[in-house]
Amino acid sequence: MAAPIAPISLPHAIQPISLPGTAAPATSFQQVLAGVISQVSQSKAAADAAVSNYLAGGTQELHSTILATQNASLNFELLLQVRNKVVSAYDEIMKMQI
0 MAAPIAPISL PHAIQPISLP GTAAPATSFQ QVLAGVISQV SQSKAAADAA
50 VSNYLAGGTQ ELHSTILATQ NASLNFELLL QVRNKVVSAY DEIMKMQI
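Mapping the sequence shown onto numbering that gives the first Met the number 0, position 32 (from 1) lands on 31, and the numbers just tick up by one.
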């Protein structure tokens, strides 16, 4: 008899950033960026571990492995798009006449 299928867990989302003036203490852009990069790195490490476990014949199921890799991919794409917007904004600021 086959084992029952385990439920799919929700992927971990990037934590929202609190705006200045709210109850949470304000953090610098560097701290926010470091935190997001850390989360992207952790999701990639989790995806790598899931793939390794699946390929080694461990208890990792295929759908969980695919979800982990897609989560890591989406996190990286989001980080890349934010970086592109920041670079674009910096370019626009540098073009301003003083």
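Beta carbons are placed, not taken as given, at the ideal position from N, Cα and C, and that holds for glycine.
On a predicted model such as this, the values are computed, not experimentally measured, just so you know.
Whose C-alpha, out of 81, 85, 87, is nearest the C-alpha of residue 39? 81
Looking at the secondary structure, which residues open and close the alpha helix (DSSP H) in which residue 45 lies? 28 to 54
Please name the residue in 31, 36, 2 whose C-alpha comes closest to that of residue 74. 36
How is residue 58 classed by DSSP in three states: helix, strand or coil? coil
Roughly how many angstroms separate the alpha carbons of residue 87 and residue 77, rounded to a whole number? 15 Å
Cβ separation of residue 70 and residue 27, assumed to be a contact under 8 Å, to the nearest whole Å: Rounded, the Cβ-Cβ distance is 27 Å, inconsistent with contact.
How close, in whole Å, do the beta carbons of residue 50 and residue 68 come, if the pair is a contact with beta carbons under 8 Å? A Cβ-Cβ separation of about 7 Å places residue 50 in contact with residue 68 under the 8 Å criterion.
Buried or exposed by the 16-neighbour rule on C-beta atoms within 10 Å, applied to residue 117: Nothing can be reported for residue 117, as the shown portion of the chain is limited to 0 through 97.
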